[in-house]
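Beneath this line is the structure, given in structure tokens, with notes to follow.
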Amino acid sequence: MSPFNPVWPVRSHRGYLAFVVHRVSGVGLAVFLPLHFLALGTAIGGEAALEGFLRWTDHPLVKLAETGLVLLLAAHLAGGLRLLALELLGWRDWQKSAVAVAAGFSLAAGLLFLLNLGL
Amino acid sequence: MPDERTLEVKVWRGGESGRFQAFAVPRRASQTVLDVVTWIQRHLDATLSYRYACRVGMCGSCAMTVNGKPRWTCRTHVDKVADGDTLTVAPLANLPVVKDLATDMAPFFDKWAKAEGRFVPADERPADFHTVPPGTRASRAANAGIECIGCGICYAACDIVRWNRDYLGPAALNRAWTLVNDVRDAGNDVRLAAVAGDAGCHACHSQEGCRTHCPKQINPTASIAGLKRATMVAAFKGRL
Numbered sequence: 001m002s003p004f005n006p007v008w009p010v011r012s013h014r015g016y017l018a019f020v021v022h023r024v025s026g027v028g029l030a031v032f033l034p035l036h037f038l039a040l041g042t043a044i045g046g047e048a049a050l051e052g053f054l055r056w057t058d059h060p061l062v063k064l065a066e067t068g069l070v071l072l073l074a075a076h077l078a079g080g081l082r083l084l085a086l087e088l089l090g091w092r093d094w095q096k097s098a099v100a101v102a103a104g105f106s107l108a109a110g111l112l113f114l115l116n117l118g119l
Numbered sequence: 120m121p122d123e124r125t126l127e128v129k130v131w132r133g134g135e136s137g138r139f140q141a142f143a144v145p146r147r148a149s150q151t152v153l154d155v156v157t158w159i160q161r162h163l164d165a166t167l168s169y170r171y172a173c174r175v176g177m178c179g180s181c182a183m184t185v186n187g188k189p190r191w192t193c194r195t196h197v198d199k200v201a202d203g204d205t206l207t208v209a210p211l212a213n214l215p216v217v218k219d220l221a222t223d224m225a226p227f228f229d230k231w232a233k234a235e236g237r238f239v240p241a242d243e244r245p246a247d248f249h250t251v252p253p254g255t256r257a258s259r260a261a262n263a264g265i266e267c268i269g270c271g272i273c274y275a276a277c278d279i280v281r282w283n284r285d286y287l288g289p290a291a292l293n294r295a296w297t298l299v300n301d302v303r304d305a306g307n308d309v310r311l312a313a314v315a316g317d318a319g320c321h322a323c324h325s326q327e328g329c330r331t332h333c334p335k336q337i338n339p340t341a342s343i344a345g346l347k348r349a350t351m352v353a354a355f356k357g358r359l
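The listed protein sequences correspond, in order, to chains A and B. For reference, each letter of the first sequence is one residue, going 1 to 119 in the numbering used here. For reference, each letter of the second sequence is one residue, going 120 to 359 in the numbering used here.
This is how it looks when you write it as structure tokens:
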């Protein structure tokens, strides 16, 4: 038996949430990257193969997954910018606001993409 | 008027492995968690081991895990942290448990030494008192971190310490940062080299657990970020 169960109370704060979002979005993007190269690789098989793949991506469910992907990218970008700002600019009391701005930016970017799909 | 309610307190008993033991403690007005633990030891089980000294938030010796969060128990009111009428008290995380609620603080303070957290006087025999100009960026940075009482709460709240047992930890790095900003100190080349390694400031993920839980409202994450910048500048200048 461990004296430290459950493990979440000590981690239930915004800074840790920002860390988890950054880590999970980073791992998600790393997993996606080989699939991205695989998709580009279909061009080697000729124009028709790539076109076929691109037509498949017009499927609403794929578009929805793409939205998730853009959300991951935006979250990771915003989280990374937040970290750079915290560590290089030496901010003190702005951290929590920075987390909020990062989260807002990523959500806005994801939603903007969703709206642009014209669904 | 005495409070008629009873507090159910689960207290960790044993060492690294053990179990929680439940005690019923009378609830009092303005009762601190340390009051509760002391009441148990004096009235219910004299073998309960824990550590405290000043009882007023100065010595940093009474930190424990209270309802899952590291806290200074002498300044933590039961009313603020109790989950209804229950309280769970465990030793600090990330440190070896000696017995019950007492942890071995040696690894924590050894890391202060490893981070070169001692003052190295620039002038061994100054003719007069040093003048530390107030309001400078350096003195403000040193002031921001200097009130650390060495309670180990930041160390217990840090996941990097949990993942990398060699990591110097927030308190030791915060101490190093206050000295980096001390105009009287001449030990910075050695100090920056000591904190620039794999287990030093660059291992920090800026999760801010230390800042969130520090009872003195110090922000070790900002101090560590300062060390990251200082070591980066030192590396560019060829001093590392």
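A virtual CB, placed ideally from N, CA and C, is assigned to each residue, including glycine.
Taking C-beta separations shorter than 6 Å and ignoring five residues to either side along the sequence, the partners of Asp301(B) in its chain run Ala261, following chain order. Within 7 Å of the CB of Glu87(A), the CB atoms of chain B belong to Ser325, Ala344, Lys347, in sequence order along the chain.
With fewer than 16 other beta carbons inside 10 angstroms of its own, Arg259(B) counts as exposed.
Contact of Asn186(B) with chain A is assigned, a C-beta pair being separated by under 9 Å. Assignment of Glu327(B) by DSSP, reduced to helix, strand and coil, places it in the coil class. Contact fails between the segment 272 to 283 of chain B and the segment 342 to 358 of chain B, because fewer than three Cβ pairs, one in each stretch, are under 8 Å apart. Of all residues in the segment 129 to 143 of chain B, only Trp131, Ser136, Gly137, Arg138, Phe139 come within less than 8 Å of chain A when Cβ atoms are compared, listed by chain position. For Phe4(A), no alpha helix (DSSP H) encloses it, and the DSSP letter there is neither H nor E. Around Phe113(A), no beta-carbon contact reaches into chain B at under 9 Å, the shortest distance being about 28 Å. With contacts defined by Cβ atoms closer than 9 Å, Leu287(B) and Thr350(B) do not form a contacting pair.
Flagged as an interface residue toward chain A: Thr331(B), by a C-beta distance shorter than 9 Å. When C-alpha distances from Glu135(B) are compared across Phe19(A), Leu117(A), Glu66(A), Phe4(A), the shortest belongs to Phe4(A). Counting only Cβ-Cβ distances below 7 Å, Pro210(B) has contacts in chain A at Pro3, in chain order. Contact between the segment 74 to 91 of chain A and the segment 38 to 57 of chain A is absent, with fewer than three C-beta pairs closer than 8 Å. Of all residues in the segment 243 to 254 of chain B, none is placed with a Cβ closer than 9 Å to any Cβ belonging to chain A. Your pair Asn293(B) and Cys267(B) checks out as a contact, with CB atoms roughly 6 Å apart and the cut at 8 Å. If you look at Thr297(B), you'll find it in the alpha helix (DSSP H) that goes 289 to 299.
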